[in-house]
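Novice: The sequence shown begins at 4 in this note's numbering and counts up one residue at a time.
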Amino acid sequence: MGQSLDSVLAQHHRNWECIVIDDDSTDYTKELLEFYCTKDSRIKYFTRPNTRSKGANSCRNFGFEQSKGDYIQWFDSDDVMLENFLTTKVNEIRGLDLVVCSGFICNTRLEKQGALAISSDKPLFRGMVTWEQQIVTNSVLFNRNFLEGKKLFDPKISRGQEANLFSRLFYNLPESRYKIIDIPLFLYRQHETSKTAQNKSYRADFVISQVQNMLENYKRGKSSGNEKVIEHCYKYLLKFYFKARRNRDWKNSFRIWYKLLTTVRFKKFSVYLEIFVIGFIFNLVGVPSYRLEKRWKSFPC
4 MGQSLDSVLA
14 QHHRNWECIV
24 IDDDSTDYTK
34 ELLEFYCTKD
44 SRIKYFTRPN
54 TRSKGANSCR
64 NFGFEQSKGD
74 YIQWFDSDDV
84 MLENFLTTKV
94 NEIRGLDLVV
104 CSGFICNTRL
114 EKQGALAISS
124 DKPLFRGMVT
134 WEQQIVTNSV
144 LFNRNFLEGK
154 KLFDPKISRG
164 QEANLFSRLF
174 YNLPESRYKI
184 IDIPLFLYRQ
194 HETSKTAQNK
204 SYRADFVISQ
214 VQNMLENYKR
224 GKSSGNEKVI
234 EHCYKYLLKF
244 YFKARRNRDW
254 KNSFRIWYKL
264 LTTVRFKKFS
274 VYLEIFVIGF
284 IFNLVGVPSY
294 RLEKRWKSFP
304 C
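Right, dumping it as structure tokens:
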């Protein structure tokens, strides 16, 4: 966190406030923040109220409520702003609802490994859903007026929090209301141990959160006739179904299968019938094969 706060203090743009929310930490966070608050009065330290649920989403929402600025930039505590991060984004956002930028992907030592893919030539909503636009929490600067009165981060979501929020805010947003900056303005730290653990472990709450996001974006894609969004969400719903089955998460695999049948609009009744019959059998016994997963993903919807 110290590196993140130092990067805020080093910003060329000087008119800012930094709201830090402590999510009931058990390390040295309080002592560190007391030091930084004494060092610069623009840094404000709060602890999450006990009336709020634990987690990043509640903290982000609480931080928004404590803020007073015209623009809102949520930023993760282990990442780093480049010195022109705020200046560039504030200069570009005037008269707009939001501005999106890229960032350098770094290892734990902040050594650059590449950059998040961001392009002004690709649509914002579709690109975010399909990951053609690699948008993370740090990427977006919001106009406060745009956020007022809207549902912000969902405390019930345990995975894909940013995707859940951004898909709601980006959907049907006119191109004239946002700008995409094709340059990296922050360092995005990726922890290899965390990535490895995530790839090996299975958490039912993560899967269900991601399924809910995909279901909502499938509906948005269907409503707008966006075939790329429809295909992407359908394939990922299948991926989560098979993943749940292979991890013997019977309850959630059944829920995903049921949502597939009641939400997805298949172009052929025979496809619906196959997924219904074979899926029903596997819901009773057995684990589907990778061959079957590949077959179902090839079905048009």
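Where is the CB? At the ideal position from N, CA and C, for every residue including glycine.
1. Using three-state DSSP, classify R63 as helix, strand or coil.
2. Report yes if the C-beta distance between D43 and F189 is below 7 Å; otherwise report no.
3. Would you kindly report the start and end of the unbroken beta strand (DSSP E) that includes Y48?
4. Can you tell me whether D235 is buried or exposed, with buried defined as 16 or more other CB within 10 angstroms of its CB?
5. By a C-beta neighbour count over all protein chains shown, 10 Å radius and 16 as the cutoff for buried, is K198 buried or exposed?
6. V93 and S142: beta carbons closer than 7 Å?
7. Could you tell me the distance, in whole angstroms, from the CA atom of G163 to the CA atom of K182?
8. For the beta strand (DSSP E) containing G117, list its first residue and its last residue.
9. List the DSSP bridge partners of P187.
10. Using beta-carbon positions only, say whether N53 and P158 come within less than 7 Å of one another.
11. Taking the alpha-carbon positions, what's the A200 to N250 distance?
12. Compare the Cα-Cα distances from I186 to each of F209, V232 and E95 and report the closest residue.
13. When DSSP labels each residue in this structure, what does R162 get in the three-state scheme?
14. Beta-carbon within less than 8 Å of M131's beta-carbon, same chain only, minus the 5 sequence neighbours each way: which residues are those?
15. Taking the alpha carbon of T29 as the reference point, which residue from G72, T50 and H194 has its own alpha carbon closest?
16. Please report the distance separating the alpha-carbon of G289 from that of S161.
17. Which runs of the beta strand (DSSP E) at least 3 residues long sit entirely within the segment 115–146? Give them in chain order.
18. Pick helix, strand or coil for D9, following the three-state DSSP scheme.
19. Going straight from the alpha carbon of E246 to that of E68, what length do you get?
20. Please name the residue or residues paired with K254 in a DSSP beta bridge.
21. Are the Cβ atoms of R129 and N229 separated by less than 7 Å?
22. The beta strand (DSSP E) that contains D25, what's its start and end?
23. Applying the criterion that 16 or more other CB atoms from any shown protein chain within 10 Å of the CB defines a buried residue, is R248 buried or exposed?
24. Taking the alpha carbon of V232 as the point to measure from, which residue in S10, H15 and W134 has its own alpha carbon closest?
25. Put T199 into one of helix, strand or coil per three-state DSSP.
26. If you drop the 5 nearest sequence neighbours on each side, which residues of the same chain put their C-beta closer than 8 Å to that of Y239?
27. Helix, strand or coil for W299? Go by DSSP, reduced to three states.
28. Closest to D124 by C-alpha separation, out of I184, K270, L287 and Y191, would be which residue?
29. Indicate whether F156 and R63 have their beta-carbon atoms separated by less than 7 Å.
30. Look up R112 in the DSSP assignment and say whether it is helix, strand or coil.
31. What's the C-alpha gap between S105 and A118?
32. How many angstroms separate the CA atom of L127 from the CA atom of A120?
Specialist: Taking the coordinates as given:
1. Taking the sequence shown and counting its residues from 1, one reaches residue 63 at position 60. DSSP places R63 in helix when its eight states are reduced to three.
2. Looking up residue 43 in the sequence shown gives position 40. Looking up residue 189 in the sequence shown gives position 186. In this structure, F189 does not lie closer than 7 Å to D43 by Cβ.
3. Counted from its first residue, the sequence shown places residue 48 at position 45. It spans I46 to T50 - the beta strand (DSSP E) in which Y48 sits, taken as one unbroken run.
4. Start at 1 with the first residue of the sequence shown, and residue 235 comes out as number 232. What sits at residue 235 in the sequence shown is His, not Asp. Buried, by the Cβ-count rule.
5. Stepping through the sequence shown from its first residue, residue 198 is reached at position 195. Legend: pLDDT at K198 = 48, less than 50; position of this residue unreliable, no value from coordinates given.
6. Here residue 93 refers to the residue found at position 90 of the sequence shown. Here residue 142 refers to the residue found at position 139 of the sequence shown. No, Cβ-Cβ distance for V93 and S142 is not below 7 Å.
7. Along the sequence shown, read from residue 1 onward, the residue named residue 163 stands at position 160. Along the sequence shown, read from residue 1 onward, the residue named residue 182 stands at position 179. Going by the C-alpha atoms only, they are around 23 Å apart.
8. In the sequence shown, counting from the first residue as 1, residue 117 sits at position 114. Run containing G117: K115 to A118, per the beta strand (DSSP E) assignment.
9. Here residue 187 refers to the residue found at position 184 when the sequence shown is read from its first residue. Answer by DSSP bridge pairing, in chain order: S105.
10. Position 50 of the sequence shown, counting from 1, holds the residue named residue 53. Position 155 of the sequence shown, counting from 1, holds the residue named residue 158. Their beta carbons are not under 7 Å apart, which means N53 does not touch P158 by this criterion.
11. Numbered from 1 along the sequence shown, position 197 holds the residue referred to as residue 200. Numbered from 1 along the sequence shown, position 247 holds the residue referred to as residue 250. Note on A200: pLDDT 45, under 50, position unreliable in the model; the coordinate value appears next. When rounded, the distance between both Cα atoms is 15 Å.
12. Here residue 186 is taken as the residue at index 183 of the sequence shown, counted from 1. Cα-wise, what sits closest to I186 is E95.
13. In the sequence shown, residue 162 corresponds to position 159, counting from 1. Coil.
14. As a first step, residue 131 is located in the sequence shown; it is residue number 128 there, counting from the start. Excluding residues within five positions, the ones whose Cβ falls inside 8 Å are I138, A166, F169, S170 and F173.
15. Position 26 of the sequence shown, counted from the start, is the residue given in the question as residue 29. Considering only alpha carbons, the answer is T50.
16. Locating residue 289 in the sequence shown gives position 286, counting from the first residue. Locating residue 161 in the sequence shown gives position 158, counting from the first residue. Cα to Cα, G289 sits roughly 28 Å from S161.
17. 115–118 and 143–146
18. Working through the sequence shown from its first residue, we reach residue 9 at position 6. Three-state result, D9: helix.
19. One-based indexing of the sequence shown puts residue 246 at position 243. One-based indexing of the sequence shown puts residue 68 at position 65. Sequence inspection shows Lys at residue 246; the Glu mentioned does not correspond to that position. One C-alpha to the other measures close to 38 Å.
20. Within the sequence shown, the letter at position 251 stands for residue 254. Bridge partners of K254: none, in fact.
21. In the sequence shown, the residue the question calls residue 129 occupies position 126. In the sequence shown, the residue the question calls residue 229 occupies position 226. Yes, these two residues count as a Cβ contact at 7 Å.
22. Reading the sequence shown from its first residue, position 22 is the one you call residue 25. That run of the beta strand (DSSP E) goes C21 to D25.
23. In the sequence shown, counting from the first residue as 1, residue 248 sits at position 245. Per the 10 Å Cβ criterion, buried.
24. Reading the sequence shown from its first residue, position 229 is the one you call residue 232. When only C-alpha atoms are compared, the closest one is W134.
25. Numbered from its first residue, the sequence shown carries residue 199 at position 196. In this prediction, T199 scores a pLDDT of 43, lower than 50, which makes its location untrustworthy; the coordinate-derived value is nonetheless stated afterwards. Note: T199 maps to helix in three-state DSSP.
26. Indexing the sequence shown from 1 puts residue 239 at position 236. Once the five neighbours on either side are set aside, the close Cβ partners of Y239 are Q213 and M217.
27. Here residue 299 refers to the residue found at position 296 when the sequence shown is read from its first residue. Helix.
28. Here residue 124 refers to the residue found at position 121 of the sequence shown. With distances taken between Cα atoms, D124 lies closest to I184.
29. Within the sequence shown, residue 156 is the residue found at index 153, counting from 1. Within the sequence shown, residue 63 is the residue found at index 60, counting from 1. Yes; because the gap between Cβ atoms is below 7 Å, this pair is in contact.
30. To locate residue 112, count along the sequence shown from 1; it is residue 109. Coil.
31. In the sequence shown, counting from the first residue as 1, residue 105 sits at position 102. In the sequence shown, counting from the first residue as 1, residue 118 sits at position 115. Cα to Cα, the separation comes out at about 7 Å.
32. Position 124 of the sequence shown holds residue 127. Position 117 of the sequence shown holds residue 120. Distance between the alpha carbons of L127 and A120 is about 12 Å.
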